[in-house]
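Note sheet for the following structure.
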Amino acid sequence: MYTFSSKLKTFSFALMILGLIGVAYGFLSTPSSVEDVKVMLQNSHDSHGEVAANHDVDTHVVEADAHGAEQTESAHSDDTHAEHAFHYLKNKPWSALYVALFFFFMISLGALAFYAIQHAAQAGWSVVLFRVMEGITAYLPVGAILLFVFFVLSSLHMNHLFVWMDPEVVAHDELIQNKAGYLNVPFFLIRAAIYMAGWVWYRQHSRKLTLAQDNATDISNYTKLFKRSAAFLVFFLVTESMMSWDWIMSLDPHWYSTLFGWYVFASMIVSAITTIALVSIYLKGKGYLEFVNNSHLHDLAKFMFGFSIFWTYLWFSQFMLIWYADIPEEVTYFVSRFNEYKIPFLGMLVLNFVFPLLVLMNSDFKRVNWFIVCTGIVILIGHYIDIYVMVMPATVGDQWFIGISEISSVLLVLGIFIYVVFTALSKAPLLAKGNPFIKESEQFHY
937 MYTFSSKLKT FSFALMILGL IGVAYGFLST PSSVEDVKVM LQNSHDSHGE VAANHDVDTH
997 VVEADAHGAE QTESAHSDDT HAEHAFHYLK NKPWSALYVA LFFFFMISLG ALAFYAIQHA
1057 AQAGWSVVLF RVMEGITAYL PVGAILLFVF FVLSSLHMNH LFVWMDPEVV AHDELIQNKA
1117 GYLNVPFFLI RAAIYMAGWV WYRQHSRKLT LAQDNATDIS NYTKLFKRSA AFLVFFLVTE
1177 SMMSWDWIMS LDPHWYSTLF GWYVFASMIV SAITTIALVS IYLKGKGYLE FVNNSHLHDL
1237 AKFMFGFSIF WTYLWFSQFM LIWYADIPEE VTYFVSRFNE YKIPFLGMLV LNFVFPLLVL
1297 MNSDFKRVNW FIVCTGIVIL IGHYIDIYVM VMPATVGDQW FIGISEISSV LLVLGIFIYV
1357 VFTALSKAPL LAKGNPFIKE SEQFHY
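The sequence shown begins at 937 in the working numbering and counts up by one.
Here it is in structure tokens:
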């Protein structure tokens, strides 16, 4: 039986407190008016030097009339730019919080999908890891509540992340008007509630059945879970795709990709498996999970490697097809990311593909715990950046940078995640002893 150590508990609380302070600072430090943004932009221009002061005075006198009209037009352009920058900067702390909330919810949901696959496939090797998976999925109800509250606040116009929620924007946008039957606030919230209710129900129900199976004299609970896991996976595949359209793709309501659901799933599943590996290695290092051997961790590392390649395949397929077709409505998505997010957009390829490829290709490295941990941390950072690049261009435009709001949001949600997961791990034995494949799992060797 795992005991949630006071040190780890204190660490999680410290993360939450630091994160909460930083998130509060992020909201309080946003500009309060367009005039404040104009001052910020002017200071930014001034910091590059006053080139005009070095111009010849006579030249300015001669050209004064010609510049008059240009200055008027420039002033109007500056006002428009300042107004856009104001909305982007007001969105920035909300966007940072949303990326963190979605990222950790995605990890928990991905772990649930992987857990369901193990039951539906009647896998034997992974049974000793079931309690770790159940612990990670314990965050799902908490994450669902936090995300749903965020969506409600968005629908009340506390932020402008989802532009299709703004009636003034919709009134002047024919494309969004044509999608209003699907992209409207009541239906959006209803869909989110259905997705979350279905995912949380399966998580709670599967946990109940596996705990009951530990003390059962037959395998009736196991059989029920096998059937319901197969049914859940059908529900999951549909709702996960719709979730990716609703929660991520609708941030850019003019753009769509038929690969997007799979792309988000790839990021989700590799992040979840990586987290399963990291938690397992942590517990094993603390003297728990003595029944987990190097072959189990080797298989987890193989999945990390395989799904990293799968993610890269989908990334390239989506990018290459849109780039080659060169349809204006589609390429705008990648143009904004290349022009304004080139470093994170291309950098995540190194973190999510090149690094795992070079490190995890060697079979021996997959059995070395510190290799798995280092690679896992890099993969998680890479997929956080992946979600960041999915969200930020639509919500903050060119006003992005990874600062206090982003780091604090991650710390806040990470603290909640650690506390919930390890509390759940301490509530039940770490071995699902009632599973009929438990002996096969304990004796598993690659």
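Here a beta-carbon is modelled for each residue, glycine too, at the ideal position from N, C-alpha and C.
All values reported here derive from a predicted model rather than from experimental measurement.
Using the C-alpha atoms, what's the distance from residue j back to residue i?
| i | j | result |
| --- | --- | --- |
| Phe1086 | Glu1376 | 44 Å |
| Leu1161 | Asp1109 | 47 Å |
| Glu1104 | Glu1266 | 24 Å |
| Trp1316 | Val1332 | As written in the sequence, residue 1316 is Leu, which differs from the Trp given in the question. C-alpha separation (whole angstroms): 23 Å. |
| Val1078 | Lys1278 | 34 Å |
| Ile1323 | Ser1231 | 31 Å |
| Phe1270 | Lys1220 | 43 Å |
| Ser942 | Phe949 | 10 Å |
| Ile1212 | Thr939 | 18 Å |
| Asp1102 | Thr1359 | 40 Å |
| Thr1008 | Leu1293 | For Thr1008, the predicted structure reports a pLDDT of 46, less than 50, and the residue's modelled location is therefore unreliable. A value from the coordinates is still provided. Each residue's alpha carbon lies about 55 Å from the other. |
| His991 | Thr1268 | Below a pLDDT of 50, predicted positions are generally treated as unreliable, and His991, at 41, falls in that range; the measurement from the model is reported next regardless. About 39 Å. |
| Ile1338 | His1381 | 43 Å |
| Ala1021 | Phe1098 | 16 Å |
| His1055 | Ile1374 | 13 Å |
| Ile953 | Leu1065 | 31 Å |
| Leu944 | Leu951 | 10 Å |
| Ile1217 | Leu1092 | 43 Å |
| Ser1165 | Leu1145 | 11 Å |
| Phe1124 | Asp1182 | 7 Å |
| Asp1235 | Met1185 | 33 Å |
| Ile1053 | Phe1172 | 11 Å |
| Phe1039 | Lys1115 | 27 Å |
| Gly1004 | Leu1257 | Low per-residue confidence applies at Gly1004: pLDDT is 48, beneath 50, and the placement is therefore not dependable, though the value from the model is reported in the following sentence. Each residue's alpha carbon lies about 47 Å from the other. |
| Ala1148 | Gly958 | 43 Å |
| Ala1129 | Asp1262 | 37 Å |
| Thr1248 | Met1204 | 13 Å |
| Val1106 | Ala1330 | 16 Å |
| Asn1288 | Ala1074 | 26 Å |
| Val1346 | Cys1310 | 19 Å |
Quick check on the DSSP output: the alpha helix (DSSP H) that includes residue i runs from which residue to which?
| i | result |
| --- | --- |
| Ile1155 | Neither: Ile1155 is in no alpha helix (DSSP H) and is coded neither H nor E. |
| Gln1058 | No alpha helix (DSSP H) contains Gln1058, which DSSP labels as neither H nor E. |
| Leu1111 | 1110-1114 |
| Ile1184 | Here Ile1184 belongs to no alpha helix (DSSP H), and DSSP marks it neither H nor E. |
| Ile953 | 942-964 |
| Lys1238 | 1230-1261 |
| Ile1343 | 1340-1361 |
| His1319 | 1305-1331 |
| Tyr938 | That residue, Tyr938, is in no alpha helix (DSSP H); it is neither H nor E in DSSP. |
| Met1284 | 1278-1285 |
| Val1215 | 1196-1221 |
| Leu1294 | 1291-1296 |
| Tyr1075 | 1075-1091 |
Can you tell me which of the options puts its alpha carbon nearest to the alpha carbon of residue i?
| i | options | result |
| --- | --- | --- |
| His1319 | Met1179, Asn1305, Val1356, Pro1280 | Pro1280 |
| Tyr961 | Leu1361, Leu1366, Ser1344 | Ser1344 |
| Ile1313 | Asp1300, Phe1255, Val1295 | Val1295 |
| Ile1126 | Ala1107, Gln1113, Met1179 | Met1179 |
| Leu1083 | Ala1036, Ser1299, Leu1225 | Ala1036 |
| Met1326 | Ile1374, Ser1091, Leu1187 | Leu1187 |
| Trp1198 | Phe1380, Gly1046, Leu964 | Gly1046 |
| Phe1255 | Pro1372, Leu1282, Lys1144, Arg1143 | Leu1282 |
| Ser1299 | Ile1081, Thr1153, Gly1242 | Gly1242 |
| Phe1168 | Lys1238, Pro967, Ser1142 | Ser1142 |
| Val1290 | Ile1263, Arg1273, Phe1246, Asp1262 | Phe1246 |
| Phe1301 | Leu1233, Tyr1075, Thr946 | Leu1233 |
| Met1132 | Tyr1158, Met1042, Lys1163 | Met1042 |
| Trp1251 | Asn1229, Thr1194, Lys1238, Asn1151 | Thr1194 |
What do you get for residue i, buried or exposed, if any count of 16 or more other CB atoms within 10 angstroms of its CB means buried?
| i | result |
| --- | --- |
| Tyr1138 | buried |
| Ala1032 | buried |
| Ile1308 | buried |
| Val1170 | exposed |
| Trp1306 | exposed |
| Glu1070 | buried |
| Met1094 | exposed |
| Trp1259 | exposed |
| Gln1113 | exposed |
| Ala1049 | buried |
| Val1286 | exposed |
| Glu1342 | buried |
| Asp994 | Note on Asp994: pLDDT 42, under 50, position unreliable in the model; no value is reported. |
| Glu999 | Confidence is the limiting factor: at Glu999 the pLDDT is only 42, short of 50, which leaves the residue's position unreliable, though a coordinate-based value still follows. Exposed, since its Cβ has fewer than 16 Cβ neighbours within 10 Å. |
| Pro1029 | buried |
| Gln1379 | exposed |
| Asn1371 | buried |
| Leu1366 | buried |
Quick one: any contact between the segment 1344-1361 and the segment 1058-1066, if contact means 3 or more CB pairs under 8 Å? no
Contact between the segment 1199-1213 and the segment 1109-1125: three or more CB pairs below 8 Å? no
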